[in-house]
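Novice: Going by my numbering, the sequence shown opens with residue 1, and the numbers climb by one from there.
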Amino acid sequence: MQLAPSAFATEAHSSRSSRYAYIPTADVIAGLRREGFAPCWRGRPARETPTAAATQST
1 MQLAPSAFAT EAHSSRSSRY AYIPTADVIA GLRREGFAPC WRGRPARETP
51 TAAATQST
């Protein structure tokens, strides 16, 4: 399983320009919850390969 360690960063990475608008992931999730959405997990089935997943239409 791969995770995005920066998903809950507390500030923008130092490589971002001053024009970059940092929005904390927690704030985005809280806003989605207020609007009735709920975050969920979507894992890839073990039998599915990355190539097969990329070619499937959603």
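Note that the Cβ used here is the ideal one computed from N, Cα and C, for glycine as well.
To the nearest angstrom, how far is it from the Cα of A12 to the Cα of G31?
Specialist: So the two alpha carbons sit approximately 19 Å from each other.
Novice: Which residues in the same chain have their Cβ closer than 8 Å to the Cβ of Y22, if we skip the five residues on either side of it in sequence?
Specialist: If we look at Y22 and ignore the five residues flanking it on each side, its Cβ neighbours are E11, A12, R16.
Novice: Could you give the residue range of the alpha helix (DSSP H) that holds R33?
Specialist: Here the alpha helix (DSSP H) through R33 covers 25-34.
Novice: Given this structure, state the Cα-to-Cα distance separating A38 from I29, to the nearest angstrom.
Specialist: About 8 Å.
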